[in-house]
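Q: Residue numbers (our numbering): 25 to 332. Sharing a structure with you now.
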Ligand SMILES: [Zn+2]
Ligand SMILES: [Zn+2]
């Protein structure tokens, strides 16, 4: 065998072994970080609300198929099991989760989507429902905020949360963003640096920077691209002075409540003005972002097998 062929084969072997090694190291590191987070959780939940403002369920339909794997009921019970207290289920271009819960709060016989006997659902205002787990009434309440992940006419994604009337999806970004702004909604640029996931890119983040409450650190990227794209988003955040917020953007079973979330200090919490409360902490930098992507190997497996 020629020397050059040998060198190429040795090089390829070294790169593959190095890649595999770094995957294992990443999983080990994240496992440790997760253990620390879970161990500290009683103290954390005493002082902070655990929040994720971007996730999808089976009600999220893309190209005629559900693109989230968990049902709304599974997401609600998962939120209680993982001590989350503020969530927004942001389906692609529909607000069915909020509408279903809003109707459940009036019609206690409605059991199509959640087991209404297990939960008490109250609508607090036009963008907030409060859910109580009737088996654990002493536990934190769960607040679900009305929200949507809009697809704009330009095919960019945009998160609108805590509005009173849903703007039309698939409209030009200017129309959606203006309507959300008029309603004082929380506006977030999701996965802005990842163009392949319909992120809007640097020029638009810059153009609309005055409108955004936050840029998103996205929890559904597998290792190592999570570091690359979320790193770019952090750079833009520093450059443009827009806060970042960590969200799971869960679609795949293993990524729900994966510890990619934000923590908001409990002081100043007002269930009737959750958007004011969130905005206050975002703009003062008093929230914390937790970024722990577990099981990169399992995720890779699913991505590689196309088993989404
Ligand atoms: Zn998206
Ligand atoms: Zn999404």
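Where is the CB? At the ideal position from N, CA and C, for every residue including glycine.
Beta carbon of residue 173: closer than 7 Å to some heavy atom of ligand 1?
A: As a position in the chain shown, residue 173 is number 149, starting the count at 1. Within the cutoff, so yes.
Q: Excluding the 5 residues preceding and the 5 following residue 197 in the sequence, name in chain order all residues of the same chain whose CB lies nearer than 8 Å to its CB.
A: Stepping through the chain shown from its first residue, residue 197 is reached at position 173. The residues are 176, 177, 178, 180, 182, 224, 228 and 232.
Q: By the 10 Å Cβ neighbour count, where 16 or more other Cβ atoms means buried, how is residue 273 classified, buried or exposed?
A: On the chain shown, residue 273 is found 249 positions in, with the first residue counted as 1. That one is buried.
Q: For a test of the three-state rule: what should DSSP assign to residue 187, helix, strand or coil?
A: One-based indexing of the chain shown puts residue 187 at position 163. Of the three classes helix, strand and coil, the one that applies to residue 187 here is coil, per DSSP.
Q: For residue 309, tell me which candidate among 315, 269 and 294 has the shortest Cα-Cα distance.
A: Along the chain shown, read from residue 1 onward, the residue named residue 309 stands at position 285. Nearest C-alpha to residue 309: 269.
Q: Return the residue from the list 293, 314 and 130 that minimises the CA-CA distance to residue 305.
A: For the purposes of this step, residue 305 is identified with residue 281 of the chain shown, where counting begins at 1. The candidate whose alpha carbon is nearest that of residue 305 is 293.
Q: Which residues in the same chain have their Cβ closer than 6 Å to the Cβ of residue 146, if we skip the five residues on either side of it in sequence?
A: The sequence position of residue 146 within the chain shown is 122, counting from 1. Cβ neighbours of residue 146 beyond the five flanking positions: 129 and 154.
Q: So what does residue 223 bridge to, in DSSP terms?
A: The residue given as residue 223 occupies position 199 in the chain shown. Partner(s): none; residue 223 has no beta bridge.
Q: Any heavy atom of ligand 1 closer than 7 Å to the beta-carbon of residue 275?
A: On the chain shown, residue 275 is found 251 positions in, with the first residue counted as 1. It does not: the Cβ of residue 275 is nowhere closer than 7 Å to a heavy atom of ligand 1.
Q: Could you say if the region 279-299 and the region 84-91 meet the contact criterion of at least three C-beta pairs nearer than 8 Å?
A: The region 279-299 vs the region 84-91: no contact.
Q: CB of residue 218 to nearest heavy atom of ligand 2: below 7 Å?
A: Within the chain shown, the letter at position 194 stands for residue 218. Flag unset: Cβ of residue 218 not near ligand 2.
Q: In the DSSP assignment, what are the bridge partners of residue 154?
A: By 1-based counting over the chain shown, the position of residue 154 is 130. According to DSSP, residue 154 bridges with 146 and 167.
Q: Does ligand 2 have even one heavy atom less than 7 Å from the beta-carbon of residue 114?
A: Sequence index remark: in the chain shown, residue 114 carries index 90 (1-based). Residue 114: yes, Cβ under 7 Å from ligand 2.
Q: Where residue 28 and residue 95 are concerned, what is the direct C-alpha to C-alpha distance, given to the nearest angstrom?
A: As a working mapping, residue 28 is identified with position 4 in the chain shown. As a working mapping, residue 95 is identified with position 71 in the chain shown. If you take the alpha carbons of residue 28 and residue 95, they lie about 55 Å apart.
Q: Around the C-beta of residue 242, are 16 or more other C-beta atoms found within 10 angstroms, so that it is buried, or is it exposed?
A: Translated into positions along the chain shown, residue 242 becomes position 218. With 16 or more Cβ atoms within 10 Å of its Cβ, residue 242 is classed as buried.
Q: For residue 215 and residue 166, what's the separation of their Cα atoms in angstroms?
A: Along the chain shown, one-based indexing puts residue 215 at 191. Along the chain shown, one-based indexing puts residue 166 at 142. Those two C-alpha atoms are separated by around 25 Å.
Q: What residues in its chain sit with their C-beta under 8 Å from that of residue 119, if we drop five residues either side in the sequence?
A: As a working mapping, residue 119 is identified with position 95 in the chain shown. So the qualifying residues of the chain are 170, 171, 172 and 190.
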